[in-house]
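Just so you know, the sequence shown maps onto residues 232 to 367 in my numbering. Glycine included, C-beta positions come from ideal geometry on N, C-alpha and C. Note that the structure is predicted; figures quoted are calculated from it, not measured. A short write-up of the structure that comes next.
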Amino acid sequence: MLVRPIDIRKTKKLVEKGFKIYNRYLLSIADDDQFLLDEKSFEIKLDISDRNISDKEKEKLQYVQYIISRYNRLCVLDRKIIYYSYMIKEKNNDGFTANNLGFDSNYFYRKKKEAIINMAYALNAEIYEGEISEID
232 MLVRPIDIRK TKKLVEKGFK IYNRYLLSIA DDDQFLLDEK SFEIKLDISD RNISDKEKEK
292 LQYVQYIISR YNRLCVLDRK IIYYSYMIKE KNNDGFTANN LGFDSNYFYR KKKEAIINMA
352 YALNAEIYEG EISEID
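Structure representation (structure tokens):
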């Protein structure tokens, strides 16, 4: 069985849209001290168990935890790229991120593309060539 080719452009847009929602929800449900990053493995944990949460916040929290659980499935390199590109408040350009990770720009863009595809698979959000989606 052949693997169907992924529409990279549409898949990237969908993943980026998911991270945009994630960041907005995170702003409304978590304080900086509740967002825990393991600096070695780049795994993220969210500690929000100690306060009363409204139903609206619970929905947001479930979405954020879903994104985090899928993100934590990725390899360390993919997590680093995704973290610096999409999951921190300070948005850095790709050149800064590549330099921060010690990569030249060509290697970084190749690895970023792979990381986005892997994240799309983790989220079950990949779009295949020829499929119609709301991203168009």
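> Rounded to the nearest angstrom, how far is the Cβ of Glu357 from that of Ile237, given a contact under 8 angstroms?
Replying inline: Counting from one through the sequence shown, the residue named residue 357 turns up at place 126. Counting from one through the sequence shown, the residue named residue 237 turns up at place 6. So it is a contact: roughly 5 angstroms between Cβ atoms.
>> According to DSSP, simplified to helix, strand and coil, what is Ala275?
In response: To locate residue 275, count along the sequence shown from 1; it is residue 44. What sits at residue 275 in the sequence shown is Ile, not Ala. Three-state result, Ile275: strand.
> Among the residues of its own chain, which have a CB less than 6 angstroms from the CB of Lys243, if the five just before and after it don't count?
Replying inline: Looking up residue 243 in the sequence shown gives position 12. Same-chain partners within the cutoff: Ile347.
>> Please report the straight-line C-alpha distance between Gln293 and Tyr256, rounded to a whole angstrom.
In response: To locate residue 293, count along the sequence shown from 1; it is residue 62. To locate residue 256, count along the sequence shown from 1; it is residue 25. Approximately 10 angstroms, taken between the alpha carbons.
> With contact counted as at least three CB pairs below 8 angstroms, one residue from each stretch, are the region 321 to 334 and the region 350 to 364 in contact?
Replying inline: no
>> Between Val246, Asp263, Gln296, which has its C-alpha nearest Asn355's C-alpha?
In response: Walking along the sequence shown from the start, residue 355 turns up at place 124. Here the closest residue by C-alpha is Val246.
> Cβ atoms of Lys271 and Ile312: under 8 angstroms apart, would you say?
Replying inline: Within the sequence shown, numbered from 1, the residue matching residue 312 stands at position 81. Within the sequence shown, numbered from 1, the residue matching residue 271 stands at position 40. No. Outside cutoff.
>> Considering only their Cβ atoms, is the gap separating Met350 from Leu305 smaller than 8 angstroms?
In response: Start at 1 with the first residue of the sequence shown, and residue 305 comes out as number 74. Start at 1 with the first residue of the sequence shown, and residue 350 comes out as number 119. Contact flag set, yes.
> Taking all protein chains shown into account, do 16 or more other C-beta atoms lie within 10 angstroms of the C-beta of Ile298, making it buried, or fewer, making it exposed?
Replying inline: The count along the sequence shown starts at 1 and reaches residue 298 at position 67. Buried: at least 16 other Cβ atoms inside 10 Å.
> What is the DSSP secondary structure of Leu258, reduced to helix, strand or coil?
Replying inline: Here residue 258 refers to the residue found at position 27 of the sequence shown. Helix.
>> With distance defined between alpha-carbon atoms, name the residue in Tyr352, Asp278, Ile239, Gln265 nearest to Tyr302.
In response: For the purposes of this step, residue 302 is identified with residue 71 of the sequence shown, where counting begins at 1. The candidate whose alpha carbon is nearest that of Tyr302 is Tyr352.
>> Rounding to the nearest angstrom, what Cα-Cα distance links Phe339 and Ser300 in this structure?
In response: Looking up residue 339 in the sequence shown gives position 108. Looking up residue 300 in the sequence shown gives position 69. In this structure, the alpha-carbon of Phe339 lies about 24 angstroms from that of Ser300.
> Whose CA, out of Ser336, Ser285, Asn254, Lys289, lies closest to the CA of Lys322?
Replying inline: Position 91 of the sequence shown holds residue 322. The residue with the shortest Cα to Cα distance from Lys322 is Asn254.
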